[in-house]
Amino acid sequence: MTAYIMRRLLQLIPVLIGMTIITFAIVHLIPGNPAQTILGETASQEAIADLEENMGLNEPYPVQYGFYITDLMQGDLGTSLRTKSEISSEIWPRLAATLELTFFAMVFAIFIGVNAGIISAWKQNSWFDFLAMMFALVGVSMPVFWLALMEQLVFAQELGWLPAFGRELSGDPIAPITHFYVLDSLIHLDFPRALTVLKHLILPSIALGTIPMAIIARMTRSSMLEVMQSDYIRTVRAKGSGQFLVIYKHALKNATIPVLTVIGLQTGVLLGGAILTETIFSWPGIGRYVFEAINYRDYPVIQSGILVIAFFFVIINLIVDILYTYIDPRIKY
Amino acid sequence: MRTEEKQEEQQSIKDPSAYQQLESEEMEETSPWKDTIKQLRKNRFAVVGVVIILFFILLGLFAPLLTPYSYEEQALVDRLQPPSAEHWFGTDDVGRDIFTRIAYGARLSLQVGFFAVTGALVFGTLLGIVAGYFGRWIDTIISRIFDILLAFPSILLAIAIVSILGASLQNALIAIAIINIPIFGRLVRSKVISLREEEFIMAAKAQGMKNGRIIIHHILPNSAAPIIVQATLGFGTAILDAAGLGFLGLGAQPPTPEWGAMLAGSRDFIQLAPWTLIVPGVSIMLVVLGFNLIGDGLRDALDPKMKN
Numbered sequence: 001m002t003a004y005i006m007r008r009l010l011q012l013i014p015v016l017i018g019m020t021i022i023t024f025a026i027v028h029l030i031p032g033n034p035a036q037t038i039l040g041e042t043a044s045q046e047a048i049a050d051l052e053e054n055m056g057l058n059e060p061y062p063v064q065y066g067f068y069i070t071d072l073m074q075g076d077l078g079t080s081l082r083t084k085s086e087i088s089s090e091i092w093p094r095l096a097a098t099l100e101l102t103f104f105a106m107v108f109a110i111f112i113g114v115n116a117g118i119i120s121a122w123k124q125n126s127w128f129d130f131l132a133m134m135f136a137l138v139g140v141s142m143p144v145f146w147l148a149l150m151e152q153l154v155f156a157q158e159l160g161w162l163p164a165f166g167r168e169l170s171g172d173p174i175a176p177i178t179h180f181y182v183l184d185s186l187i188h189l190d191f192p193r194a195l196t197v198l199k200h201l202i203l204p205s206i207a208l209g210t211i212p213m214a215i216i217a218r219m220t221r222s223s224m225l226e227v228m229q230s231d232y233i234r235t236v237r238a239k240g241s242g243q244f245l246v247i248y249k250h251a252l253k254n255a256t257i258p259v260l261t262v263i264g265l266q267t268g269v270l271l272g273g274a275i276l277t278e279t280i281f282s283w284p285g286i287g288r289y290v291f292e293a294i295n296y297r298d299y300p301v302i303q304s305g306i307l308v309i310a311f312f313f314v315i316i317n318l319i320v321d322i323l324y325t326y327i328d329p330r331i332k333y
Numbered sequence: 334m335r336t337e338e339k340q341e342e343q344q345s346i347k348d349p350s351a352y353q354q355l356e357s358e359e360m361e362e363t364s365p366w367k368d369t370i371k372q373l374r375k376n377r378f379a380v381v382g383v384v385i386i387l388f389f390i391l392l393g394l395f396a397p398l399l400t401p402y403s404y405e406e407q408a409l410v411d412r413l414q415p416p417s418a419e420h421w422f423g424t425d426d427v428g429r430d431i432f433t434r435i436a437y438g439a440r441l442s443l444q445v446g447f448f449a450v451t452g453a454l455v456f457g458t459l460l461g462i463v464a465g466y467f468g469r470w471i472d473t474i475i476s477r478i479f480d481i482l483l484a485f486p487s488i489l490l491a492i493a494i495v496s497i498l499g500a501s502l503q504n505a506l507i508a509i510a511i512i513n514i515p516i517f518g519r520l521v522r523s524k525v526i527s528l529r530e531e532e533f534i535m536a537a538k539a540q541g542m543k544n545g546r547i548i549i550h551h552i553l554p555n556s557a558a559p560i561i562v563q564a565t566l567g568f569g570t571a572i573l574d575a576a577g578l579g580f581l582g583l584g585a586q587p588p589t590p591e592w593g594a595m596l597a598g599s600r601d602f603i604q605l606a607p608w609t610l611i612v613p614g615v616s617i618m619l620v621v622l623g624f625n626l627i628g629d630g631l632r633d634a635l636d637p638k639m640k641n
């Protein structure tokens, strides 16, 4: 097991190097002079020369890449051109906001998706199965940002049930500790605030979680249908176990593997998809951070934001791979 | 529904005369593609998908005949009109007819889907075949590149590419094609690897057939099924991604009637004129749904396990 984890970690190295080459290339592949692009058309020659000097743009590419990697190793993600502050200190609160949103979106997606998939497989060809699968099909076909806008229209503006923007009430900011606001409110033992924060999470989590929910439901259903036809399930049934026990105790365990793969992949998709959801709900997460950076041509932020998200995606997939071996001891590496 | 059909077929096999009939039918239809189309026609969902896509193709093709308005001409007197007999889906914030923009937008979305998928399909298949067929270091290099590209959440990679190339519909299309290359590439590679060791490939080699001929005549036709399914489903995701990029302002630029960009332009009028948001969103959803239904149907039709 330890050997497997070590091997998996070693395999990550070329992927991580490749990722840094791509993010490095973002700044250097922009047509024309990067310093000019960053400073805009009206910049003076001196300003451009200064920035070129500062960014080391006069050095050959391999040397520049070397600088970039050395900085990254030291936790230096560069400086934002817009706010002039260190990206590494700016990024954590935003990353925490995104991770909190992603977590709740995934909880929603897994809880609804897995159960809907199980019931669909259990009651195959029933009206529930039909409706759930129709719903799942529509779910995977829906643009996330459009669903988000419709949620705002119905639940925030027409019905007024839930807040449409932000993470908390704007007049009453939280004193952040971990920057996970639900956790922070609980640490402060401020339960009404925790409730407010949770309310702010509902609409964006549902918007972000709908596509994964639909995919998980479809995957769970087909995976369960396959397992339910296997011999050992027939044996369990023959021994007189009740349907509920057969499904939740015996079948689900073996149906989990493909579902887990989908969950791992979808978490990464969520991190990327957050850019759209966060833009709509004014969620101060990393997706919106990158999006704003694109509008301001703040290339260091684009570069680092994308790298951080991709890094988390890789780590999540690693965790999923390791989880396989726990869930299914038949998988040996 | 499908199980019922299966049961029916199985029952009919028990009946000897029906069995003979079935056999003669099979004798007539030797082409696997004919068989697939037959299977697909039996699948009601897939038929619905085909109808949806045909509808949008016709809408896009005949857009100039279907509407008297232009998709970019502004009429400020008519701004934010609700749906009416004159303007079926209402008008937007500068008085343009939304139905007209949806119809012209159908052209764009279908074109984006087509070109992005074709690009990814061609390059992905080429790379996948080279990696899978020749193996060794070529395989290692190509597979590592796929790994790295797949290490990014796809929409994020598309955003990165567009931020390099500059925001336009064409660049969005290129970005979407690039993010899909490794998906096709991996699929083809794994199929080729499993085919490479098959006896009929060995036989072809023993007969002195050149690699190129083997690939074109044996490898490609035998790996077509999963590629076709992925291409159909990829059409839908490409359209979704293009709409997402358009919404973020990284795809089509105004006044292009791209559906995602239309949604971005109407955001501020969500309460005042909800139709400006509902119509483009439903259009995107229907087209993507159409491709997903066809893709699912094709997968079932091409899957030997689903046949008797």
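Top line first, the protein sequences correspond to chains E and Z.
Heads up: the first sequence begins at 1 in our numbering, then just goes up one per residue.
Heads up: the second sequence begins at 334 in our numbering, then just goes up one per residue.
Quick reminder that beta carbons are idealized off the backbone N, C-alpha and C, glycines included.
Inset, instruction - Using the Cα positions of GLY209(E) and GLY499(Z), report the straight-line distance between them to the nearest angstrom. - result: 30 angstroms
Legend entry - heavy atom of the ligand SAM below 7 angstroms from ILE174(E) C-beta: You won't find the ligand SAM in this model; it holds no ligand whatsoever.
Inset, instruction - Scan the region 154-169 of chain E for residues whose Cβ lies nearer than 7 angstroms to a Cβ of chain Z and list them as they occur along the chain. - result: GLN157
Inset, instruction - Would you list, in chain order, the members of the region 604-623 of chain Z that have their beta-carbon closer than 7 angstroms to a beta-carbon of chain E? - result: GLN604, PRO607, LEU610, GLY614, ILE617, MET618, VAL621, LEU622
Legend entry - Endpoints, alpha helix (DSSP H) assigned at LYS123(E): From DSSP, LYS123(E) is part of no alpha helix (DSSP H); its letter is neither H nor E.
Legend entry - Burial state of TYR248(E) (16 or more Cβ within 10 Å): exposed
Inset, instruction - Would you mind working out which of MET133(E), PHE145(E), TYR61(E) sits nearest ILE215(E), comparing C-alpha positions? - result: MET133(E)
Legend entry - Member of GLY579(Z), SER417(Z), ALA484(Z), ILE627(Z) whose CA lies at the smallest distance from the CA of LEU502(Z): GLY579(Z)
Inset, instruction - Taking MET19(E) as the query, report the chain Z residues whose CB atoms sit under 8 angstroms from its CB, ordered along the chain. - result: ILE481, ALA484, PHE485
Inset, instruction - Using three-state DSSP, classify GLU86(E) as helix, strand or coil. - result: strand
Legend entry - Helix, strand or coil at THR23(E) according to DSSP, with G and I counted as helix: helix
Inset, instruction - Find the residues of chain Z that neighbour VAL320(E), judging by a C-beta separation of less than 7 angstroms, and give them in chain order. - result: What VAL320(E) touches in chain Z: nothing, since even the nearest Cβ is about 14 angstroms away.
Inset, instruction - Leaving out five residues on either side along the sequence, give the residues of the same chain with a beta carbon under 7 angstroms from the beta carbon of VAL495(Z). - result: ASN504, ALA505, ALA508, LEU578, LEU583
Inset, instruction - With distances taken Cα to Cα, identify the nearest neighbour of ALA493(Z) among GLN266(E), SER304(E), ALA109(E). - result: SER304(E)
Legend entry - C-alpha distance - ILE280(E) paired with PRO212(E), whole-angstrom precision: 19 angstroms
Inset, instruction - Compare the beta carbon distance of LEU460(Z) and ILE516(Z) with 8 angstroms and say whether it is the shorter of the two. - result: no
Inset, instruction - Give, in chain order, every residue of the region 431-451 of chain Z whose Cβ lies closer than 9 angstroms to some Cβ of chain E. - result: none
Inset, instruction - With 9 angstroms as the limit, tell me which residues of the region 495-524 of chain Z have their beta carbon closer than that to any beta carbon of chain B; keep them in chain order. - result: Annotation note: the requested chain B is absent from the structure, which comprises protein chains E and Z.
Inset, instruction - Scan the region 557-584 of chain Z for residues whose Cβ lies nearer than 8 angstroms to a Cβ of chain E and list them as they occur along the chain. - result: GLY569, LEU573, ALA576, GLY577, PHE580, LEU581, GLY582, LEU583
Legend entry - According to DSSP, residues forming a beta bridge with THR424(Z): ASP430(Z)
Inset, instruction - Below 8 angstroms on the Cβ atoms is my guess for LEU162(E) versus LEU203(E); work out the distance and round it to an integer in Å. - result: 5 angstroms
Inset, instruction - Kindly indicate which three-state DSSP category GLU342(Z) falls into: helix, strand or coil? - result: For GLU342(Z), the predicted model reports a pLDDT of 48, less than 50, meaning its position is unreliable and no value from the coordinates is stated.
Inset, instruction - Identify which residue in ALA564(Z), GLY623(Z), ASP629(Z) has its Cα closest to the Cα of PHE389(Z). - result: GLY623(Z)
Inset, instruction - Tell me whether ILE338(E) is buried or exposed, calling it buried when 16 or more other Cβ atoms sit within 10 Å of its Cβ. - result: Outside the displayed range of chain E (1 to 333) lies residue 338(E), so it cannot be described from this structure.
Legend entry - Interface residues of chain E facing LEU625(Z) [CB-CB closer than 7 angstroms]: According to the sequence provided, residue 625(Z) is Asn. The question's Leu does not apply to it. Here the neighbours are LEU137, VAL140, SER141.
Inset, instruction - Look up THR102(E) in the DSSP assignment and say whether it is helix, strand or coil. - result: helix
Inset, instruction - Give the residues from the region 530-552 of chain Z that approach chain E closer than 8 angstroms (Cβ to any Cβ), ordered along the chain. - result: none
Legend entry - Helix, strand or coil at THR79(E) according to DSSP, with G and I counted as helix: strand
Legend entry - Backbone CA spacing between ARG94(E) and TYR232(E) [nearest angstrom]: 48 angstroms
Legend entry - C-beta atoms of ILE69(E) and THR20(E) nearer than 8 angstroms: yes
Inset, instruction - Pick out whichever of VAL314(E), GLY139(E), THR2(E) has its Cα sitting closest to the Cα of SER487(Z). - result: VAL314(E)
Inset, instruction - Find the nearest neighbour of TYR299(E) within the set LEU16(E), MET142(E), ILE30(E), judged by alpha-carbon distance. - result: ILE30(E)
Inset, instruction - Report yes if the C-beta distance between GLY630(Z) and ALA408(Z) is below 8 angstroms; otherwise report no. - result: no
Legend entry - Residue closest to ASP129(E), alpha-carbon to alpha-carbon, out of ASN115(E), SER141(E), SER85(E): ASN115(E)
Inset, instruction - Show which residues of chain Z have a CB atom less than 9 angstroms away from the CB atom of THR279(E). - result: PHE580, LEU581
Inset, instruction - To the nearest angstrom, report how far apart ILE603(Z) and ARG193(E) are at their CA atoms. - result: 29 angstroms
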